[in-house]
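J.:
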Amino acid sequence: MSNPFRQLPAVSDVLNEPSLQESLQRLGRDAVVAEIRLQLQAFRAGLRSQDAVPIPDARTLAEAVNQRLQTTHRPKLRAVINATGIVLHTNLGRAPLAEAAAQAAYEAGRGYLNLELDLVTGKRSSRQDAVREWLCKLTGAESATVVNNNAAATVLALRTFCYGKEVLISRGQLIEIGGSFRIPEILTASGAVLREVGATNITRLSDYERAVSPNTAAILLVHPSNYRIAGFTESVPLPELVRLGKERNLLVMDDIGSGALVDFAEFGFREEPLARRSIAQGADLVLFSGDKLLGGPQAGILAGRKDLVARLEKDPLMRAFRLDKMTLAALEATLRLYLNEATARSTIPVLAMLSLSQEELQTRAETLAQRLQAQAGIEVRCLEDVAYVGGGSLPDQEMPTWVVELTPTSMSDAELAVRLRVGNPAVLVRVQEGRLRLDLRTIMPRQIDDLVAAIAQAAK
Ligand SMILES: *Cc1c(COP(=O)(O)O)cnc(C)c1O
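Right under this line is the structure:
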C-alpha cells in the first residue's frame, strides 16, 4: 500500500478545479488557499486517527471548500424577516424605511448630488437646507437642524448652551435609554452641570423655582419614553416651565424622544408628545429621533428658535455629528411623505404597521397559515395575541395582533428557532408562552414568499 498522505491532492490541483474559479475571482487566491489547507489538514487528522478513510479527489475537496467559503464569507449584515411583532426593534435596525426613502438613499449613494451646492446660484450651501424647510413646516418651528441621532442632538444642545452651567432636570426624568444613553452621563460628557430637582415620582414648579441660581442656563425636559411612573405622581407641564424660563431667562429644551409627527392617540395608543405641540407651547428647542415613531433613518432632529439653531450649527461638534448624504436623502424623502398625513400613514412602514386593523392581521395570518399547512415537519395554527411597540417607544403599550404559531414535529422549538435565525433569509420569531409565533404585524407582504421558503427549509 502506498502512503495515503501522498494520495491527497496537492493544493495546486484543487486550485485548478473549475468549480473553484468563481470563488477565486470573488475572494482572491489567499482566502481560497487558506481554506484548501484547512480542509487538507482536517483530512490528514482523520487519516491519523482512523484506518479506512476514503481519500477525496481534487473535485470533492473543491466542493467542500466552496461550501465552507459560502458560509465563512457571507455578508455580516443580512436582511432579516422580523416576525417578532416588535415594530421598533433596536437590534433589527429600528424603523424600516419607506420605499421612497430607501430609493432616495440608494440614488444619493450611487451618484453625485447637490449636497452642499445651491443649484440656482451655483454657490455653496448648507446640507441642512435639504430638510430645514420641511421640518419647519411639519413642526411649526422657526428653524431646525439634524445630526446623527438624538443622543448627539442632546450632547450638542447641552454643550452649545450649557457648558459649565447648570441644567435643571426632574429626578423622574433622569432616565437610561438603551445600553449607554443615560441622561446624567450625557450631561457630564457635554460639560453641563446636572441640577436634579424634585423627587422620582413628584416634581412641582416650586422645585424648579427654588433650584434656579445665577449659574443656571436651562431647563431640560426628558420624555420617559421607555418607562412609566404610575400611581402617585406629578410633573410640571411644559407651558408652566416655559413661563418660568421666560421669567428667569432660562432656555427650555424638550427631549421628546420618539419624534411623533402624527398623533398616536388617533391610532388608539397612549398619547406621545408631538413635536408640533411642544413648539406651539413655547419650547425653545425640541429634540427627537428620526428612526423611532417618525419612521425614517437614524437621525437626531433639533427644531426651535432660529437664533439657537444658528448657534448650534456654529459649534465645532456639529461637524462631528453631521449626517451623511444617504441618510440625509432618506430623511428628506420621509419628511416629504408627511406633507400629506394620509400618504404618510400608508407609505411609512412604522405608521402602516401600527395602524393595521385586527381584521387585516387575521386575514394575513390565515393566508400565511394556509400556505404553511401542507409543509412537512411543522404544524400551524392561527391565534390572537398581544405584542409591544418596542424600541424605547410606548414601552407598556399593548397591541392586540394575530400570529401563526409553528410547532415542529421532528425537532424541538428551540432547534427550529435557531435554524430560522441562521437561515437565508434570517427569520426572527417571537417566543411567547414557550411557543414559536410569527406576528403578522411586522412581516411585510413582499416577504411572504421568502418566509414560506425559509420555514420549509428550516423544518426539513
Ligand atoms: C431614544 C431616546 C433618546 C436617544 O435617541 P437616539 O436617536 O437613539 O440617540 C434620547 N432621549 C429620549 C427621550 C429617547 O426616547
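Numbering (the numbering used here), first residue to last: 0 to 459. Ideal Cβ placement from N, Cα and C applies to all residues, glycine included.
1. With respect to 6 Å, is the separation between the Cβ of G256 and the closest non-hydrogen atom of ligand 1 below this value?
2. Could you give the residue range of the beta strand (DSSP E) that holds D314?
3. Can you list, in chain order, the residues of its chain with a C-beta nearer than 8 Å to that of V403? Leave out the 5 residues immediately preceding and following it.
4. Need the endpoints of the beta strand (DSSP E) that E195 sits in, please.
5. With the cut-off set at 7 Å, would you say S205 and V154 are in Cβ contact?
6. Using C-beta distances below 6 Å, list every residue in its chain close to A259, excluding the 5 sequence neighbours before and after it, in chain order.
7. DSSP state of T400, grouped into three classes?
8. Tell me the start and end of each unbroken alpha helix (DSSP H) in the stretch 349-373 that is at least 4 residues and wholly inside, in chain order.
9. Return the residue from the list D253, L450, M252, V211 that minimises the CA-CA distance to E246.
10. Can you tell me where the alpha helix (DSSP H) with G45 in it begins and where it stops?
11. Between the C-alpha atoms of R131 and R420, what's the straight-line distance to the nearest angstrom?
12. My output table needs one value for E270: the three-state DSSP class, helix, strand or coil.
13. Can you name the residues that DSSP bridges to G256?
14. Taking C-beta to C-beta, are D323 and A282 nearer than 7 Å?
15. Report yes or no: do three or more beta-carbon pairs, one from the stretch 352-364 and one from the stretch 131-141, lie closer than 8 Å?
16. Distance, Cα to Cα, V31 vs A100?
17. In or out: Y105 buried (at least 16 other Cβ within 10 Å) or exposed?
18. Would the beta-carbon of F287 fall within 7 Å of that of S354?
19. Quick one: what's T144 bridged to in DSSP?
20. Would you check whether ligand 1 has a heavy atom nearer than 6 Å to the C-beta of V154?
21. Considering only the alpha carbon of each residue, which of A9, N65, V261, N200 lies closest to N339?
22. Just to check my reading of the structure: P474 and L350 have Cβ atoms closer than 8 Å, yes? What is that Cβ distance to the nearest angstrom?
23. Tell me the rounded alpha-carbon separation between T89 and L334.
24. Can you say whether S356 is buried or exposed, counting buried as having 16 or more other CB atoms within 10 angstroms of its CB?
25. Does any heavy atom of ligand 1 sit closer than 6 Å to the C-beta of I218?
26. Quick test of your reading: R194 and E165, contact by CB under 8 Å. State the CB separation rounded to the nearest angstrom.
27. Among the residues of its own chain, which have a CB less than 8 Å from the CB of F231, if the five just before and after it don't count?
28. Reducing DSSP to helix, strand and coil, say where T441 ends up.
29. Specify the secondary structure class of D12 as computed by DSSP and reduced to three states.
30. So does I176 have its beta carbon nearer than 6 Å to some heavy atom of ligand 1?
31. Based on the DSSP secondary-structure assignment, which residues constitute the bridge partners of I85?
32. Using the C-alpha atoms, what's the distance from G197 back to I228?
33. Using a Cβ-Cβ cutoff of less than 6 Å, which residues in the same chain neighbour Q446 once the five nearest sequence positions on both sides are dropped?
34. Identify which residue in S169, P17, G84 has its Cα closest to the Cα of I442.
T.: Working from what's here:
1. As a first step, residue 256 must be located in the sequence shown, where it is residue number 257. Yes - ligand 1 has a heavy atom lying nearer than 6 Å to the Cβ of G256.
2. Locating residue 314 in the sequence shown gives position 315, where the first residue counts as 1. It is not in any beta strand (DSSP E) - D314 carries neither H nor E in the DSSP assignment.
3. For this step, residue 403 is matched to residue 404 along the sequence shown. So the list reads A364, L367, A368, L371, V379, R380, C381, R436, L437, L439, once near-sequence residues are dropped.
4. Your numbering for residue 195 matches position 196 in the sequence shown. For E195, the uninterrupted beta strand (DSSP E) segment begins and ends at 192-196.
5. As a first step, residue 205 must be located in the sequence shown, where it is residue number 206. As a first step, residue 154 must be located in the sequence shown, where it is residue number 155. Not a contact, by the Cβ cut-off of 7 Å.
6. Taking the sequence shown and counting its residues from 1, one reaches residue 259 at position 260. Around A259, the same chain offers E271, L273, L292 as residues with beta carbons nearer than 6 Å, after the five sequence neighbours per side are excluded.
7. On the sequence shown, position 401 is the one that residue 400 refers to. Collapsing the DSSP output to three states places T400 in a strand.
8. 357-372, all fully within the stretch 349-373.
9. Numbered from 1 along the sequence shown, position 247 holds the residue referred to as residue 246. It is V211 whose Cα lies nearest to the Cα of E246.
10. Walking along the sequence shown from the start, residue 45 turns up at place 46. From DSSP, the alpha helix (DSSP H) with G45 extends over 28-48.
11. Residue 131 sits at position 132 when you count from the first residue of the sequence shown. Residue 420 sits at position 421 when you count from the first residue of the sequence shown. One C-alpha to the other measures close to 40 Å.
12. If you number the sequence shown from 1, residue 270 lands on position 271. In the structure shown, E270 sits in coil (DSSP, three-state: anything other than H, G, I, E or B).
13. Mapped onto the sequence shown, residue 256 falls at position 257. Answer is F287, bridged to G256.
14. Counted from its first residue, the sequence shown places residue 323 at position 324. Counted from its first residue, the sequence shown places residue 282 at position 283. Result no, Cβ atoms of D323 and A282 do not sit closer than 7 Å.
15. no
16. Within the sequence shown, residue 31 is the residue found at index 32, counting from 1. Within the sequence shown, residue 100 is the residue found at index 101, counting from 1. Going by the C-alpha atoms only, they are around 39 Å apart.
17. Along the sequence shown, read from residue 1 onward, the residue named residue 105 stands at position 106. Answer is exposed; the Cβ neighbour count stays below 16.
18. Taking the sequence shown and counting its residues from 1, the one referred to as residue 287 is at position 288. Taking the sequence shown and counting its residues from 1, the one referred to as residue 354 is at position 355. No, the Cβ-Cβ distance between F287 and S354 is not below 7 Å.
19. Translated into positions along the sequence shown, residue 144 becomes position 145. According to DSSP, T144 bridges with L301.
20. What you label residue 154 is simply residue 155 of the sequence shown in a count that begins at 1. Every heavy atom of ligand 1 is 6 Å or more from the Cβ of V154, so no.
21. Residue 339 sits at position 340 when you count from the first residue of the sequence shown. Nearest of A9, N65, V261, N200 to N339, Cα basis: V261.
22. Here the chain covers residues 0 to 459 and nothing more, so residue 474 does not appear.
23. For the purposes of this step, residue 89 is taken as residue 90 along the sequence shown, with counting starting at 1. For the purposes of this step, residue 334 is taken as residue 335 along the sequence shown, with counting starting at 1. Rounded to whole angstroms, T89 to L334 spans 21 Å at the Cα level.
24. Stepping through the sequence shown from its first residue, residue 356 is reached at position 357. Flag for S356 reads exposed.
25. The residue given as residue 218 occupies position 219 in the sequence shown. No, ligand 1 has no heavy atom inside 6 Å of this Cβ.
26. Stepping through the sequence shown from its first residue, residue 194 is reached at position 195. Stepping through the sequence shown from its first residue, residue 165 is reached at position 166. So it is a contact: roughly 4 Å between Cβ atoms.
27. Counting from one through the sequence shown, the residue named residue 231 turns up at place 232. Only N200, I201 meet the Cβ criterion.
28. Counted from its first residue, the sequence shown places residue 441 at position 442. It is coil, neither helix nor strand.
29. As a working mapping, residue 12 is identified with position 13 in the sequence shown. Helix, per DSSP.
30. Counted from its first residue, the sequence shown places residue 176 at position 177. Yes, since a heavy atom of ligand 1 falls inside the 6 Å radius drawn around the Cβ of I176.
31. Position 86 of the sequence shown holds residue 85. The partner list for I85 (beta bridge, DSSP) is empty, contrary to what the question assumes.
32. Taking the first residue of the sequence shown as position 1, residue 228 is located at position 229. Taking the first residue of the sequence shown as position 1, residue 197 is located at position 198. Roughly 14 Å between the two C-alpha positions.
33. Taking the first residue of the sequence shown as 1, we reach residue 446 at position 447. Excluding sequence neighbours, Q446 sits near I80.
34. For the purposes of this step, residue 442 is taken as residue 443 along the sequence shown, with counting starting at 1. For the residues S169, P17, G84, the minimum Cα distance to I442 belongs to G84.
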